[in-house]
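Trainee:
Residue numbers (this note's numbering): 99 to 506.
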């Protein structure tokens, strides 16, 4: 099976290279890994032990960030290195100040794993949620370097639990300890004889609660909102935006802030076509005369989590595609959420629906109904906030476990 894994890694690399002239993310993926070891070895002192945090993308970074930052707070002399697999994480957090260095993760090969771990000299490696790399995990294990998975989650349909999944189960045996989000994950791991797991919950709750506790003041957003009630549409895709356009026309007293998942020129132009009276954030920020607009299009990255502080209700995108994006960022600010039908993989979405603080919709009529129901009172928003608060504490549990590795 290892030979198939090696072929898959090389095939993935080839496909990305072919796509790179035509796809921005693929281009970043390739360019970011050029001369990667030379840059790592120039920046990182291999004689100093480091704590290595790896994140697949930006979402996983925000998920694991509470652990990283609290660890650094408790052990300020520890040196941290951060790696990302995806450009969407690296390009936004490449200047993250708490890390000695932020790098793309080289592809998982035997030689890359050996060289990277020699360069990083990790005393501990922490991976968030998923990404199970055979050679990196094996190399860490062979050098007796502890490897933790935090906010892990497992499902019955994953290859680890299939008859033909012996190779992938082997990868899991290299993990020193799993901190998982739910009891189902604990029980699934037991079915493949993995006992070194703790039910700690999801560190995302800690992150979004921290973010909501100290909201950022966004003067330009305040100017746009005025005294009107506002719907924040976060991480939207075209299917979401078409529905929101119809909702706008029937609610002229409301203002709408749309933060699309993709902010390329082509997509922003498409959104402007749907909302002819909209104004882009980049324009609004420099035009003091632009005061009477119903729709604001966010054409930058990094603002969304702070925007929810200004909303009365949130629409979370992705539910008509691969799956919804982050509902917790909005819920933490005490606003109810609406999203499309693809939410089955997200326990928090199911929980919020059960509690009455969220609604899933399939069409414009259902969207209008959900909007009316969730904006009738503040009660649903209060429930959303209470739900987030009740789920915090995962970070402290993980840090307590980590204390056995460190001396203050």
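Quick reminder that beta carbons are idealized off the backbone N, C-alpha and C, glycines included. If you're wondering where the values come from, they're calculated on a predicted model, not measured in any experiment.
From what residue to what residue does the alpha helix (DSSP H) around residue 101 run?
Mentor: 100-117
Trainee: Could you tell me how far apart the beta carbons of residue 284 and residue 295 are, in whole angstroms, since I believe they sit closer than 8 Å?
Mentor: That pair is a contact at about 5 Å.
Trainee: Output needed for residue 380: all residues of its chain with C-beta closer than 8 Å, excluding positions within five of it in sequence on either side, in chain order.
Mentor: 397 and 398
Trainee: Run the CB neighbour count on residue 143, radius 10 Å, all protein chains shown included, and call it buried at 16 or more, exposed below.
Mentor: Under this definition residue 143 is an exposed residue.
Trainee: Does DSSP classify residue 354 as helix, strand or coil?
Mentor: strand
Trainee: Answer yes or no: do residue 440 and residue 417 have a C-beta to C-beta separation smaller than 8 Å?
Mentor: yes
Trainee: Count the C-beta pairs between the stretch 124-144 and the stretch 189-200 that are closer than 8 Å, then say yes if the count reaches three, no if not.
Mentor: yes
Trainee: Under 8 Å, do residue 217 and residue 138 count as touching if we go by C-beta distance?
Mentor: yes
Trainee: Do you know whose CA, among 248, 298 and 228, lies nearest residue 488's CA?
Mentor: 298
Trainee: DSSP state of residue 125, grouped into three classes?
Mentor: helix
Trainee: Thinking just about the alpha-carbon of each residue, which of 485, 247 and 282 is nearest to the one in residue 259?
Mentor: 282
Trainee: Look up residue 318 in the DSSP assignment and say whether it is helix, strand or coil.
Mentor: helix
Trainee: Just confirm the distance between the C-beta atoms of residue 318 and residue 277, as a whole number of angstroms; I'd bet it's less than 8 Å.
Mentor: So it is not a contact: roughly 39 Å between Cβ atoms.
Trainee: Between residue 248 and residue 301, which are expected to be in contact by the criterion C-beta below 8 Å, what is the C-beta distance as a whole number of angstroms?
Mentor: 6 Å
Trainee: To the nearest angstrom, how far is it from the Cα of residue 250 to the Cα of residue 495?
Mentor: 14 Å
Trainee: Relative to the C-alpha of residue 325, which residue among 354, 480, 245 and 343 is closest?
Mentor: 354
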